[in-house]
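Worksheet for the structure shown next.
Numbering (our numbering), first residue to last: -18 to 373.
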């Protein structure tokens, strides 16, 4: 064999020989490809028949003749390899000492091995080359296979660690476009790692792309809230606030002042805002109330289960969406709404006393019950006044 067999397992599983390539999408049997991947990954040793049978057992429960099943599986794997070159399957996958092995005399280059080698060199250029090799988690289409899970975790952690080393360096070197590209890819691989969103927002801010920062933050907030029920941390919120700060390139005049400050489009219902804006609005009112002596109330509405059984995530998300729509339609223009957790909304009611604020919440709860009588969710609430600011 003159050609080298090139194998990719970081992301999609593919095998290339010469100018031909095969990948697992080209076959209906994912189990065959999974076992082929297992054999290649363990090509330094003979894989026993019992070991291979244990991999097949999840699909072949109750099989009266497992040895025959294994022989059929090996035959089909060899047939897959033969599509690269005639008789390649028999040359590559050989039987030995009661098991099977990948022929050690055939040169195979695997992307995950090159990835690890480059990272262990500790050279900056090699780290970037390694990251370019990482097209996804190890055998991501077989992520439920028991043998894949620890290997995938191992390489994923290497990838994440390398990124957290490289991206700050790119920021210092002002290679912000490269940083954006790497961060966006990292988020595709790990959509729950807030640190990558933060790096992405910093790079975008440095490029002056404030609108993109806002979009990134809002997307991250939705993911964290819907998945973990938490808000972004203080650093993420600070980057978001920085993106919201705009600097006019022209001087404001009395003639265009209202145009600059007014909302765009028709205005109806309560104002829906993010938690940080609501917090600033609360603090502004607290300062004002310290001087005026007036009272403004806030209400916390919480979605809870009607029974002792915890709400399923899908039911909770649906109830929160329905409640937000109801709040927006029911409250007045002067009221303000924010989602403050995965199951709660905060409302500011500047034109209502305690009794009226409680009545508003009761009306919302009644409206929710009437509109969604079969919902497994119900709403609890409490009303409190904004505490006036005090001098320290």
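Every residue gets a Cβ at the ideal spot worked out from N, C-alpha and C, and that includes glycine. These numbers were taken from a predicted model, which means no experiment stands behind them.
What would DSSP say about residue i, mapped onto helix, strand or coil?
i: residue -8; result: coil
i: residue 352; result: helix
i: residue 361; result: strand
i: residue 274; result: coil
i: residue 115; result: coil
i: residue 41; result: At residue 41, the pLDDT of 48 sits below 50, so the modelled position is not reliable and the matter cannot be decided from this model.
i: residue 125; result: coil
i: residue 49; result: helix
i: residue 280; result: strand
i: residue 160; result: helix
i: residue 285; result: strand
i: residue 194; result: helix
i: residue 260; result: helix
i: residue 320; result: strand
i: residue -3; result: strand
i: residue 76; result: strand
i: residue 366; result: strand
i: residue 81; result: strand
For residue i, collect the residues of the same chain with a Cβ closer than 8 Å to its Cβ; drop the 5 residues on either side in sequence, then sort them by chain order.
i: residue 309; result: 250, 251, 253 and 318
i: residue -1; result: -16, 65 and 66
i: residue 353; result: 300 and 303
i: residue 152; result: 160, 180, 183, 184 and 187
What separation, rounded to the nearest whole angstrom, lies between the Cα atoms of residue i and residue j?
i: residue 225; j: residue 191; result: 7 Å
i: residue 213; j: residue 4; result: 39 Å
i: residue 6; j: residue 24; result: 23 Å
i: residue 312; j: residue 275; result: 21 Å
i: residue 41; j: residue 290; result: Annotation note: pLDDT 48 at residue 41 (below 50); position unreliable, no value reported.
i: residue 267; j: residue 336; result: 20 Å
i: residue 305; j: residue 357; result: 17 Å
i: residue 320; j: residue 280; result: 12 Å
i: residue 150; j: residue 162; result: 14 Å
i: residue 110; j: residue 349; result: 55 Å
i: residue 20; j: residue 71; result: 14 Å
Is the beta carbon of residue i sitting closer than 9 Å to the one on residue j?
i: residue 121; j: residue -8; result: yes
i: residue 220; j: residue 239; result: no
i: residue 299; j: residue 324; result: no
i: residue 184; j: residue 148; result: yes
i: residue 181; j: residue 210; result: no
i: residue 106; j: residue 170; result: no
i: residue 13; j: residue 58; result: yes
i: residue 28; j: residue 81; result: yes
i: residue 414; j: residue 157; result: Because the chain here runs from -18 to 373, residue 414 falls outside it and cannot be looked at.
i: residue 108; j: residue 146; result: yes
i: residue 11; j: residue 128; result: no
Quick one: does the C-beta of residue i sit closer than 8 Å to a heavy atom of the ligand ATP?
i: residue 261; result: Absent from the structure shown: the ligand ATP. Ligands present: none.
Out of the options, point me to the one whose CA is closest to residue i's CA.
i: residue 97; options: 67, 194, 141 and 61; result: 141
i: residue 265; options: 371, 70, 1 and 15; result: 371
i: residue 327; options: 255, 179 and 135; result: 255
i: residue 369; options: 263, 101 and 134; result: 263
i: residue 206; options: 164, 234, 175 and 236; result: 175
i: residue 271; options: 367, 1, 284 and 18; result: 367
i: residue 172; options: 155, 154 and 203; result: 203
Please return the same chain residues whose Cβ sits closer than 6 Å to the Cβ of residue i, not counting the five positions on each side in sequence.
i: residue 126; result: 15
i: residue 282; result: 326, 360 and 362
i: residue -3; result: -13
i: residue -11; result: -5 and 92
i: residue 381; result: This structure does not reach residue 381, given that the chain is present from -18 up to 373, and the question cannot be answered.
i: residue 195; result: 224
Counting contacts by CB-CB distance shorter than 9 Å, is residue i in contact with chain D?
i: residue 258; result: Protein chain content of the structure displayed is limited to a single chain, and chain D is not contained in it.
Which same chain residues end up closer than 7 Å to residue i when comparing Cβ atoms and leaving out the 5 residues on each side of it in sequence?
i: residue 51; result: 30, 33, 34 and 37
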